[in-house]
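**Student:**
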Amino acid sequence: MSLNTLKRLLGRDGSGGSGTGPLPDDIASLRGGIQSAVSSLRESEAVRSAPFWLPPFLLMGFFVYGAIGWNVIISFTDFAGLQLPTYDPTAFDLEMYRRALSDGQFWLATRNTFVLLVSFTGLSLAGGLGLAILVDRGIRFENWFRTIYLLPFSLSFVVTAVFWRWMYNFDSGVINVFLRGIGLDFLASKWLAGGVELGALSAIPLVPETLQFKLFAVIFALLWQFSGYAMVVYLAGLRAIPDDQYEAARVDGASTVRMYRRVILPQLRASTVSAAVVLMVFALKAFDFLYVMFGNNPGPTADILSTMMYRQAFAANEWAYGSAIAVVLFLVALAVVAPYLYGEYRRGEL
Amino acid sequence: MSVRDDIADQLGVDLEGFDPIRVVLYGTLVGLVAFYLSPLESGLMTALKTEAEFATSPPFVPPTADGFTLEPFSVAIDTLASAILNSIMLAVPATILSALLGSFAAYGLTNFEWRGQLGVVTLFIAGIFIPYQAVLIPLSRLWAIVNTKELLAPILDITLFSVQVPVLGTVELATHPHYASIINLIITHAAYGIPITTLLFRSYYKKLSTEMLEAARLDGASAFTVYRRIVLPLSTPMFAVTLIYQFTQIWNDLLFALVIIPSGSGPAAVATIALNELTGGIIQTFNTQMAGAFVAALPTLLVYILFGDKFAKGVAGEA
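In the order they appear, the protein sequences are chains H and X.
Position 179 (the first sequence) corresponds to 179 in full-length UniProt numbering; numbering is contiguous.
Position 243 (the second sequence) corresponds to 243 in full-length UniProt numbering; numbering is contiguous.
#1: What residue from H:A132, H:R269, H:A283, H:D288 has the CA that sits closest to L275 of chain X's CA?
#2: Any C-beta of chain H sitting closer than 8 Å to the C-beta of S82 of chain X?
#3: Against chain H, with Cβ distances strictly below 8 Å, would T175 of chain X count as a contact?
#4: At a CB distance below 8 Å, what residues from the region 290-311 of chain H approach chain X? Give them in sequence order.
#5: On a CA-only basis, which of H:V159, H:I304, H:T307, H:F170 is nearest A296 of chain X? Give me that one, please.
#6: Is it buried or exposed, Q312 of chain H, if we count other Cβ atoms within 10 angstroms and call 16 or more buried?
#7: So I196 of chain X and I128 of chain X are supposed to be a Cβ contact under 8 Å. How far apart are they, rounded?
#8: Are L238 of chain H and D136 of chain H close, meaning C-beta to C-beta below 8 Å?
#9: What first and last residue would you give for the beta strand (DSSP E) that runs through E197 of chain H?
#10: The beta strand (DSSP E) with L211 of chain H in it runs from where to where?
#11: Going along the region 33-61 of chain X in order, which residues come within less than 8 Å of chain H, judged by CB to CB distance?
#12: What residues in the region 119-142 of chain X have a beta carbon less than 9 Å from any beta carbon of chain C?
#13: Examine chain H for any beta-carbon lying closer than 8 Å to the beta-carbon of A291 of chain X, and answer yes or no.
#14: Is it buried or exposed, P339 of chain H, if we count other Cβ atoms within 10 angstroms and call 16 or more buried?
#15: Apart from the five residues just before and just after V207 of chain H, which ones in its own chain have a Cβ nearer than 7 Å to its Cβ?
#16: What does DSSP give as the partner residue(s) for F114 of chain H in the beta ladder?
#17: Considering only C-alpha positions, which residue in the set X:S209, X:L199, X:S42, X:L234 is nearest to L341 of chain H?
#18: Against P152 of chain H, what residues of chain X qualify as contacts under a CB-to-CB distance less than 7 Å, listed in chain order?
#19: Does the beta carbon of L255 of chain X come closer than 8 Å to any beta carbon on chain H?
#20: Kindly say whether E45 of chain H, judged by its beta-carbon, lies nearer than 8 Å to any beta-carbon of chain X.
#21: By the three-class DSSP mapping on this structure, what secondary structure does F239 of chain X have?
#22: Are at least three pairs of beta-carbons, each pair with one atom in the region 164-171 of chain H and one in the region 182-196 of chain H, less than 8 Å apart?
#23: In chain order, what residues of the same chain lie with their CB nearer than 8 Å to the CB of L187 of chain H, ignoring the 5 residues before and after it?
#24: Taking 8 Å as the threshold (beta carbon to beta carbon), is F330 of chain H in contact with chain X?
#25: By the 10 Å Cβ neighbour count, where 16 or more other Cβ atoms means buried, how is G43 of chain X classified, buried or exposed?
#26: Name the chain H residues whose beta carbon is nearer than 7 Å to that of Y205 of chain X?
#27: Against N276 of chain X, what residues of chain H qualify as contacts under a CB-to-CB distance less than 7 Å, listed in chain order?
#28: Return the CA-CA distance between V64 of chain H and E214 of chain X, expressed in angstroms with no decimal places.
#29: Show which residues of chain X have a CB atom less than 8 Å away from the CB atom of W319 of chain H.
#30: Taking the beta carbon of Y132 of chain X as the centre, do at least 16 other beta carbons fall within 10 Å, making it buried, or is it exposed?
#31: So, at 8 Å on beta carbons, what are the nonlocal neighbours of I68 of chain H in its own chain, with the 5 sequence-adjacent residues on each side left out?
#32: Is DSSP giving F54 of chain X helix, strand or coil here?
#33: Tell me, please, whether the CB atom of L341 of chain H is closer than 8 Å to any CB atom in chain X?
#34: Taking only three categories from DSSP, how would you classify A307 of chain X?
#35: Taking 8 Å as the limit between beta carbons, can you name the residues of its chain near R262 of chain H, skipping five residues before and five after?
#36: Taking its Cβ as the centre, do 16 or more other Cβ atoms sit within 10 Å of E211 of chain X, making it buried, or is it exposed?
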């Protein structure tokens, strides 16, 4: 801050700069004046900025945090059927959570949610990284390739689910027609209904006798839709790495593979983390796609917590039970997001 | 310059193309293009075929002259037209509202300095990651309690979608028994869009020159004047990114629409709901379903084709 600026600040504040100007014994009071001017400016900064951030904050806060709180309260009640909820604190209990813990459907949905979460996130990251590296190799028509790979991400899940239901069709779907066309008839399957026997493996708890393709068919279709997203995030990360690091690695005689593994990949950590968080949060709330493909009950092998929550609440009118499942879902999301936000905060990235 | 490049230069050809590694690279890239486009391509081909044709020919093969028809598209357009109009009336105001509010919030939280600011920022950003299932039941309760139609009656004496035109008087664009649920949906989408729009604008406002804003303020400009005269005009590129991203998000949403628009309310259905109903029916054939998917996706496809780079920036959270 320049001296002129300070003078103007002090002049406006009226707490300094009076009389003949800063003589040596006036310096202390001048300093005090500066501090009070700065601190009053700070205070008024909060006030001056409030008209801008406060209204959006209240609207967003009500809908996001207010609604989450309301949902938690409903999960303590017995709200069900067509009657209105009664918010009587003395009647609040954890019955709905106990019910979830003893509900086989809930555990299956939890298992499927984690299978989806882990495999979808891992595969999308790997696919996105592969695409980003290919696109970043100084190719021609780069824009075209990038645009096509990201295209599915701009479509609604309703649209992509309609396409993929057709792709997976047993008789005339693209996948089976293609497999039969190249002589791999035996691979053509009922992708949305079939499965393979697991034999001895099914002795492990929660591992089914037949591994249904359903959930993996969903994961594959979502991979098609989301790998372009991961590619965009990774490309931004790759472009942020200075060119001379590539040069240096090349001068050192490192092979391309080695260069990526030793020099480039370690610097993509931040991209990986931010893409992973977004993908995981998406996997938790993946609903539209499953709902369009299978209706509100995808069956025990593809049901996830978000579809179960919707079914319990909006189809069975078990509102309080649905709320309890939603709280579980929220806590899982929190476990993913909180460490990420804390890390960003620590590094001053927020 | 190597001898090879030298020769290539003289001949006016690019020898890069003959590098076997590049051939494999481009081969992979083109193969991936086929993978990413195959659902769309075979969908489009199917949508252009008669029923007899698509039953007998592979899905990705273009229709023959005999098997070509636009019938599926005309059925799809007839079925989806009013829902698409609803989606436009939902997505346009909700997009603008959430972008504006995000810009306000980002300005108030970035270009000022006060204690506790980071806490508020954190609450905004955490809002991006909320699984919407955690707010669905309260949302359905809220919009059951708040009667938007009655609340707006004193100030908005309409059949909402009519306009006063001089000379002609009132022109009804579409009378709409469920217009209130569209308004509820607009408010909901605007509110849940604020966290991401705030994040996008904040990443941009962080880069604005502090000296410039400081100088304007010391010249006595109010916070509002600084926003209107300096920040807002500089935000145009970010508005483009945010509007495109939000429009796509809101247009593509199914979940909020399912919960907020009363079930079975045909006239208020948005495009995603109408498409789901069109394709969920047992009688609908695949060619109509595919045509429906293209019709419902058309606005976002157009936005993506025209402004793909801006969409990509929004996706990457970049300024």
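Yeah, the Cβ is synthetic: ideal placement off N, Cα and C, and Gly gets one too.
**Tutor:** Looking at the coordinates:
#1: The shortest C-alpha separation from L275 of chain X is found at H:D288.
#2: Answer no: the Cβ-Cβ gap between S82 of chain X and chain H never drops below 8 Å.
#3: Unreliable positioning characterises T175 of chain X in this predicted model, as indicated by a pLDDT of 48, which lies under 50. The coordinate reading is nonetheless provided below. For T175 of chain X, the answer is no, since every Cβ of chain H falls outside 8 Å of its Cβ.
#4: Result list: Y291, V292, G295, L305, S306, M309, Y310.
#5: Out of H:V159, H:I304, H:T307, H:F170, H:V159 has the C-alpha closest to the C-alpha of A296 of chain X.
#6: By the 16-neighbour rule on beta-carbons within 10 angstroms, Q312 of chain H is buried.
#7: That belief holds up - the Cβ atoms of I196 of chain X and I128 of chain X are roughly 5 Å apart, short of 8 Å.
#8: Taking the C-beta atoms as reference points, D136 of chain H is found nearer than 8 Å to L238 of chain H.
#9: E197 of chain H -> beta strand (DSSP E) spans 195-197.
#10: Counting along the chain, L211 of chain H sits inside the beta strand (DSSP E) bounded by residues 210-212.
#11: The region 33-61 of chain X vs chain H, Cβ under 8 Å: V33, F35, Y36, L37, S38, P39, L40, S42, G43, T46, F54, A55, P58, P59, F60.
#12: Among the protein chains of the structure shown, namely H and X, there is no chain C.
#13: So no, A291 of chain X is outside the interface.
#14: With fewer than 16 other Cβ atoms from the protein chains shown falling within 10 Å of its own Cβ, P339 of chain H counts as exposed.
#15: Closer than 7 Å at Cβ, skipping near neighbours: L198, L201.
#16: Looking at the DSSP assignment, F114 of chain H forms no beta bridge with any residue, so it has no partner.
#17: Minimum Cα distance to L341 of chain H is reached at X:L199.
#18: Neighbours of P152 of chain H on chain X, chain order: Y36.
#19: With 8 Å as the cut-off, L255 of chain X counts as an interface residue toward chain H.
#20: Yes, contact with chain X.
#21: Helix at F239 of chain X.
#22: Yes, the region 164-171 of chain H touches the region 182-196 of chain H.
#23: Same-chain partners within the cutoff: L179.
#24: Cβ-Cβ to chain X under 8 Å: yes for F330 of chain H.
#25: Counting of Cβ neighbours within 10 angstroms places G43 of chain X among the buried residues, the total reaching 16 or more.
#26: Within chain H, no C-beta atom comes nearer than 7 Å to that of Y205 of chain X; the closest sits roughly 11 Å away.
#27: In chain order: V158, V292.
#28: Near 34 Å, if we compare the C-alpha coordinates of E214 of chain X and V64 of chain H.
#29: Those within 8 Å of W319 of chain H in chain X are I137.
#30: Under this definition Y132 of chain X is a buried residue.
#31: Cβ within range, chain order: F330.
#32: Look at F54 of chain X here: in three-state DSSP terms it is helix.
#33: Closer than 8 Å to some Cβ of chain X, the Cβ of L341 of chain H qualifies, so yes.
#34: Correcting the residue type first, residue 307 of chain X is Phe in the shown sequence and not Ala. Annotated three-state conformation of F307 of chain X is helix, per DSSP.
#35: Result list for R262 of chain H: A249, A254, in chain order.
#36: By the 16-neighbour rule on beta-carbons within 10 angstroms, E211 of chain X is exposed.
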